[in-house]
Amino acid sequence: QLITTGDITDDVFLDRIGDIELGLVTSHHYSMAHDSPENKELIKAYQDVHGPDERVNFYMAATWDGMNMIYDIIRELDGNIDGDKAVELARNMKNSLFRSMTPVEAVSLAIAQREGNALRVFGTAALGRRTGEEARELLQAVGLGQYMNHITRELPYGLQCLLEVALALAGKPKVLLLDEPAAGVSAQAGDQLFRLIDSLPSDLAILLLEHDMRLVFRFAKRITVLVGGGVLVEGTPEEIAADQRVRDVYLGHKHAA
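Quick note: the sequence shown uses the numbering used here, first residue 51, plus one each step.
The structure is reproduced here in C-alpha cells:
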C-alpha cells in the first residue's frame, strides 16, 4: 500500500529501466505538492505496473497532470551507471539552451562535454571538426538540419524543444526521460522525431510521456492503460483501440474509426 492518509510513506520499488531500479521517493514535500485524488490514484496504479519486454511501451492514465508528476517522484533506488552508483549521480531533468549559440555550436559543446573536452572544443581545429560533424548529423536526424546555423533564441518554441532532445542524445545517455518531445512541432516533425526515437540503440532505455494519441498508436509496440488505481488492460495498439472499456474511459467512440 503506497498511500496512507494522503502521504507517500515509504520507498517502494517501481520498475527497472535498463540496469537502474526506480522507486517512489519518500518526502512530505511531494505529498503536499501532489495531494490530489487523481495523483494518489496514479501512484497507487504503479503497484501493478511492471516493465515489459518490448522496447517501446506507453502508459496511459486518466489525468495528464498525474502522468507528468511521475518525473517528480521517481528516483533511483539501486544500480550503477558507468561504474557510478545511480543514487549518487546528479539528475539532469531539463536541458538549458545557450540562446546566443547556434544549434550546431550547442550540440558540439554537449558532445565535447561528454568526452571531457568542453573547454577545448572551439580552440582545437581537429576536435571542432569532429564534434561539428557529429553535431550536424544529430541535428539532421532530429529535424533541425536547415536550422543548425540559426541563433537559438530566434527559433520557434517547437524547434527549441527538438534542440533539447538533440542535446540530450548528444550525451549518449543510458536512460532517456522525454516529456512530450513533439509538443509545439508540426505533425511531420513529430513523425520524424518519433522515427528517430524508435531507431535509437536497443540498450538505451526510454521513458516517454506523450499526449498525442496519433503518435502513441503509431509508434507504440504495447500500451498499458491505468485506471482507478490499477491496470485496466495491456496489449498492442490495435487491441487497445478495439477495447470497448478503453474507448469509453479515454478515447471516445470515434477513435477506433
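Built from N, CA and C at the ideal position, the CB exists for glycine as well.
- Every alpha helix (DSSP H) stretch that sits fully inside the segment 176-227 and reaches 4 residues is listed by chain position as 207-220.
- Judged by DSSP in its simplified three-state form, residue 255 adopts strand.
- Residue 166 sits in coil when the DSSP states are folded into three classes, being neither helix nor strand.
- A residue is called buried when at least 16 other Cβ atoms come within 10 angstroms of its Cβ; residue 252 does not meet this threshold and is exposed.
- Rounded to the nearest whole angstrom, the C-alpha separation of residue 231 and residue 295 is 28 Å.
- Assigned with DSSP and collapsed to three states, residue 272 falls in strand.
- Nearest to residue 152 by alpha-carbon distance, out of 217, 273 and 264, is 217.
- Annotated as proximal: residue 256 and residue 226, with beta-carbon spacing under 8 Å.
- In the structure shown, residue 230 falls within a coil segment according to DSSP collapsed to helix, strand and coil.
- Around the CB of residue 260, 16 or more other CB atoms lie within 10 Å, so the residue is classed as buried.
- No residue range can be given for residue 150, since it is assigned to no alpha helix (DSSP H) and is classified by DSSP as neither H nor E.
- Residues 193 of the same chain have their beta carbon placed closer than 6 Å to that of residue 239, with the five preceding and five following residues left out of the count.
- Per the C-alpha coordinates, the member of 246, 237, 291 and 298 positioned closest to residue 187 is 246.
- Remark: C-beta atoms of residue 189 and residue 198 approach each other more closely than 8 Å.
- Beta-bridge annotation (DSSP): residue 285 is paired with 273.
- Counted as a single uninterrupted DSSP element, the alpha helix (DSSP H) harbouring residue 246 occupies residues 237-249.
- Taking C-beta separations shorter than 6 Å and ignoring five residues to either side along the sequence, the partners of residue 228 in its chain run 258, following chain order.
- Secondary structure of residue 155 (DSSP, three-state): helix.
- When only Cα atoms are considered, residue 273 and residue 249 end up about 19 Å apart.
- By the neighbour-count criterion, in which a residue is buried when 16 or more other Cβ atoms sit within 10 angstroms of its Cβ, residue 233 is exposed.
- In the same chain as residue 244, and ignoring 5 residues on each side of it, the C-beta atoms closer than 6 Å to its own belong to 265 and 269, in chain order.
- Non-local C-beta neighbours of residue 164 in its own chain, meaning closer than 8 Å and more than five positions away in sequence, comprise 220, 221 and 222, ordered along the chain.
- In this structure, residue 154 lies near residue 185, with their beta-carbon atoms less than 8 Å apart.
- Around the CB of residue 166, fewer than 16 other CB atoms lie within 10 Å, so the residue is classed as exposed.
- Here the alpha carbons of residue 202 and residue 289 stand approximately 42 Å from one another.
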